[in-house]
Amino acid sequence: MTANGLALPARGLTINPRNSWAVDRPPKGPLSGEDVRFLLVHHSASRNGHTSADAPAILRSFYDYHTSAEKGWDDIAYNFLIDADGGIWEGRAGSLAGPVAGDATGGNQGFSQLVCIIGDYNAVQPSAASLASLVSVLAWLADRYGVSTAPGAEITFTSRGSNKHPAGTTVTSPTITGHREMSQTTCPGDNLNAYVVGALRADVEAARGGSTPPPPPPPPATTTTTSTTTTSTTTTTTVPPTTTTVPSSTTLRPSTTLPQPSTTASIAATTAPASPSTTIPVAVGAETAAPSGSPAGILATAGALVATGAGLLLWRYRRISGS
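Numbering of the sequence shown is given in this note's numbering, commencing with residue 192 and proceeding in unit increments.
The structure is reproduced here in structure tokens:
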């Protein structure tokens, strides 16, 4: 449904090709291509009250008139035509295949494709069916040639010449407009023109699915921190302290406790005195005895001599005293 309340046909258009009506009516001369920048709406200013069945004969009559000496054009003027029942017809030869320049009363200033609704719309209102087809054809052409139909869309071009815009004139126009904006004429009729300058462009835009939305604004600049995890391998090496205790090259021996001379020596009850040369061994611990030349050895030997001397003195005293 358009903004004007029109029921739109399916997006796939059915267009009757030129060969469905142009029996023995080829173009009378070469037709030029077109640089399409906008779309132009016409009416034929012909009788009203026709049906789609009448359309082929009506189009042949248009061809005959347009190629006559009075008009002098090489083919029917319009690229596409629409009947009162909404039937769509290819007009100028080649228009279904691509852009072909048309002709128009008062001169064709160029850069357009021409779509004509058959009938006189100064006299009557166009049918809803014909308006729905007009919207569909214009939407298809806008898609095909990249014509903007966004609100307020305009085109500026240099006219090739018409009785309203002489050749070389700079023209600024809406991208969909009526013939009267390009030539001195009442076409496309006051009733149809009211729709052209009113809701038509919005309806075409709606039929195209709306304007292509502008790209979304870029997101706010953010600093993306790429977290690179660096695995730091800590190797704990146990280093022996510099004061490592190592075995000394000199083996320290345990301290030796030297026995003290006793004033009371226990002598065995024998008649023979102890031999003065008897050496009483001195305990020096479990390890091997120190060498005789060592200080410990000298002290041990001295202690033994003292003990021996003390024993002799005691023995001699007892002999004297008789005890």
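Ideal Cβ placement from N, Cα and C applies to all residues, glycine included.
Residue i, buried or exposed, once every other Cβ within 10 Å from all chains shown has been counted against 16
i: N384; result: buried
i: V291; result: buried
i: N210; result: exposed
i: S324; result: buried
i: L204; result: exposed
i: T361; result: exposed
i: V214; result: exposed
i: P137; result: A query on residue 137 cannot be resolved here, the shown segment of the chain reaching from 192 to 514 and no further.
i: S374; result: buried
i: T538; result: Since the first residue shown for the chain is 192 and the last is 514, residue 538 is missing from the structure and cannot be characterised.
i: A260; result: exposed
i: A314; result: exposed
i: G289; result: exposed
Distance between residue j and residue i (C-alpha atoms, nearest Å)
i: G359; j: A244; result: 43 Å
i: G380; j: R392; result: 17 Å
i: D226; j: A319; result: 31 Å
i: T363; j: Y312; result: 25 Å
i: P329; j: V395; result: The question names Pro, but residue 329 in the sequence shown is Leu. Each residue's Cα considered, the two are about 7 Å apart.
i: T242; j: S350; result: 36 Å
i: H233; j: T376; result: 10 Å
i: L190; j: R216; result: Here the chain covers residues 192 to 514 and nothing more, so residue 190 does not appear.
i: A333; j: G220; result: 28 Å
i: G285; j: G263; result: 19 Å
i: A275; j: A248; result: 14 Å
i: V388; j: T258; result: 31 Å
i: T335; j: G400; result: Rather than Thr, the amino acid found at residue 335 in this sequence is Arg. Their Cα atoms are separated by approximately 14 Å.
i: G277; j: S321; result: 4 Å
i: R228; j: V338; result: 6 Å
i: S237; j: I346; result: 30 Å
i: I279; j: H370; result: 19 Å
i: P342; j: A390; result: 11 Å
i: C378; j: I267; result: 17 Å
i: I308; j: S235; result: 7 Å
i: G224; j: Q300; result: 14 Å
i: H356; j: I206; result: 32 Å
i: T296; j: W331; result: 25 Å
i: G196; j: W212; result: Because the pLDDT of G196 is 46, which lies under 50, any placement of that residue in the model is unreliable, and the question is left without a value.
Simplified DSSP assignment, three categories, for residue i
i: A459; result: Note that A459 has pLDDT 34, beneath the 50 cutoff, so the model's placement of it is unreliable and the number below is only indicative. Of the three classes helix, strand and coil, the one that applies to A459 here is coil, per DSSP.
i: E225; result: coil
i: F348; result: strand
i: I249; result: helix
i: N210; result: helix
i: E160; result: With the chain represented from 192 up to 514, any question about residue 160 goes unanswered, as that position is not in the structure.
i: W264; result: coil
i: L329; result: helix
i: L231; result: strand
i: G289; result: coil
i: G203; result: coil
i: G369; result: strand
i: R238; result: coil
i: D215; result: coil
i: G519; result: No answer is possible for residue 519: it lies beyond the span of the chain, which begins at 192 and ends at 514.
i: N354; result: coil
i: S318; result: coil
i: S374; result: coil
i: S243; result: helix
i: S259; result: coil
i: A323; result: helix
i: D334; result: helix
i: D381; result: helix
i: S446; result: Only weak support exists for where S446 lies, its pLDDT of 36 falling under 50; the coordinates are left without a value.
CB-CB length for residue i against residue j, believed under 8 Å
i: L222; j: D265; result: 6 Å
i: L287; j: L272; result: 13 Å between Cβ atoms; not a contact.
i: G293; j: R283; result: 6 Å
i: G310; j: N239; result: 5 Å
i: A398; j: V326; result: 5 Å
i: T368; j: A344; result: No, T368 and A344 are not in contact; Cβ-Cβ is about 11 Å, not under 8 Å.
i: N270; j: L305; result: 5 Å
i: F302; j: F253; result: About 23 Å separates the two Cβ atoms, so there is no contact after all.
i: E281; j: P208; result: 5 Å
For residue i, the residue or residues it bridges with in DSSP
i: T363; result: T347
i: I309; result: Note: I309 sits in no beta bridge, so no partner.
i: S303; result: F229
i: L272; result: W280, C307
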